[in-house]
Amino acid sequence: SVPLSFFAGIGGASKAGVLIKGSNHLETLAKVDTVVFDKTGTLTEGKFGVDEVSGPLPENEILAYAAALEQHSSHPIAQSILKAYQGTPQAVTEVQEVAGHGITGSVQGVQAAIGNQKLLQSLGITAPEPVGVGTVLYVAVAGKYAGQIVINDQIKPDAKETIQALGQNGVKTTVMLTGDNPQVAQSVAKKLGLTKFFAGLLPEDKVHHVEALTKEAQGKVAFVGDGINDAPVLVTADVGVAMGGVGSDAAIEAADVVIMNDQPSKLVQGMKISRKTLKIVK
Ligand code: ADP
Ligand code: MG
């Protein structure tokens, strides 16, 4: 049977905004020594500003194709593009979202795509050098490179202190995984004081990294993500932690722990509560 103090622990965590979905997860959380973070929407806000739009097509046309496609995505990138686009997005048919790549579809009968270098490569289109620093979205129209949009995100206010606090609370390894490009990953990692990160990953690559870290770790492995494209990795980790505010329904469902207000520092709080609870019952 479950010790009574576990319920007090779960209750305490829930008051702090950390929903622990069962006493087994509380126990696992107390034994975590490796924390793996997704980047976008977890360590960063997931609210991108558009910094540069660059042709061959005129800027407004690039953005129009981008907005048309992104109206069909729930990725944080999509919301940001739609916010930057002032008009009403055009209708799209044959929409296909490819996780970790981007979106393709037919805009008024013209084949269009938006996504990273991997997406263009898969379409047989060569992507030029980025015109700016940040997350680069390439737009292709009618099978040709049509332009790029450089967007930038912001680090969450409590992200850096979270990384530090984990180290001070018995976490031996902290890692960031991202599907974003290595330049962005390196810049975010540096700002956070994170030495270990992997970029350009597909959702299945994230699963493999978490599996490898689970073999290396002495304790338990937590994965923290917003869950967009990340449901498989949330399930793979010993304890899957989802951001409840920006997170997808699928992620909140797949997670063992939900952080209600999306602050990564809540993870530290949840770990402290669970450790205290376990010591009490020992
Ligand atoms: P992460 O959460 O680690 O940043 P994702 O796997 O969600 O990574 O996405 C990785 C990359 O795939 C993004 O940085 C972007 O380049 C591309 N991508 C994914 N979804 C979209 C989308 N809806 N529109 C444009 N690009 C996308
Ligand atoms: Mg993500």
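Everything in the sequence shown is counted per the UniProt record's numbering, starting at 386 for the first residue and increasing by one. A virtual CB, placed ideally from N, CA and C, is assigned to each residue, including glycine. On a predicted model such as this, the values are computed, not experimentally measured, just so you know.
The C-beta distance from residue 485 to residue 588 rounds to 6 Å, short enough to meet the 8 Å contact threshold.
Taking C-beta atoms under 8 Å as the contact rule, residue 492 and residue 516 fail to qualify, at a distance of about 23 Å.
Excluding sequence positions up to five before and after residue 583, its CB lies within less than 8 Å of the CB of 560, 561, 562, 563, 570, 590, 594, all in the same chain and listed in chain order. Assigned with DSSP and collapsed to three states, residue 418 falls in strand. Residues lining the ligand MG by the Cβ criterion, that is a Cβ closer than 6 Å to any of its heavy atoms, are 423, 425, 426, 610, 611, 613, 614, 615 in chain order. The ligand ADP approaches residue 565 closely enough that one of its heavy atoms is under 6 Å from the residue's Cβ.
Residue 462 has its CB nearer than 6 Å to a heavy atom of the ligand ADP.
Residue 520 has its CB nearer than 6 Å to a heavy atom of the ligand ADP. Between residue 413 and residue 557, the C-beta gap is not smaller than 7 Å, which leaves the two residues out of contact. Taking 7 Å as the cut-off, the beta carbon of residue 436 is found no closer than this to the beta carbon of residue 532. Residue 644 is positioned such that its CB atom lies closer than 7 Å to that of residue 403. Counting along the chain, residue 613 sits inside no beta strand (DSSP E), nor does DSSP assign it H or E at all. The shortest C-alpha to C-alpha distance from residue 483 to any of 579, 399, 500 is the one to 500.
The residue among 386, 448, 398 with its C-alpha nearest the C-alpha of residue 659 is 398. Separation of residue 460 and residue 578 (C-alpha to C-alpha, rounded to the nearest whole angstrom) is 26 Å. Under the Cβ criterion (8 Å, minimum of three pairs), the stretch 448 to 460 does not count as touching the stretch 504 to 515.
Within the same chain, and ignoring the five residues on either side of residue 394 in sequence, the residues whose Cβ sits closer than 7 Å to its Cβ are 411, 658, 659, 662. For residue 537, the distance from the CB to the nearest heavy atom of the ligand ADP is not below 6 Å. Closer than 6 Å to some heavy atom of the ligand ADP: that describes the Cβ of residue 458. When DSSP assignments are scanned along the stretch 474 to 504, the uninterrupted stretches of beta strand (DSSP E) that are 3 or more residues long and fall wholly within it turn out to be 477 to 483, 487 to 492, 495 to 500. The beta carbon of residue 500 sits closer than 6 Å to at least one heavy atom of the ligand ADP. In summary, residue 554 is exposed, with fewer than 16 beta-carbon neighbours lying within 10 Å of its beta-carbon over all protein chains present.
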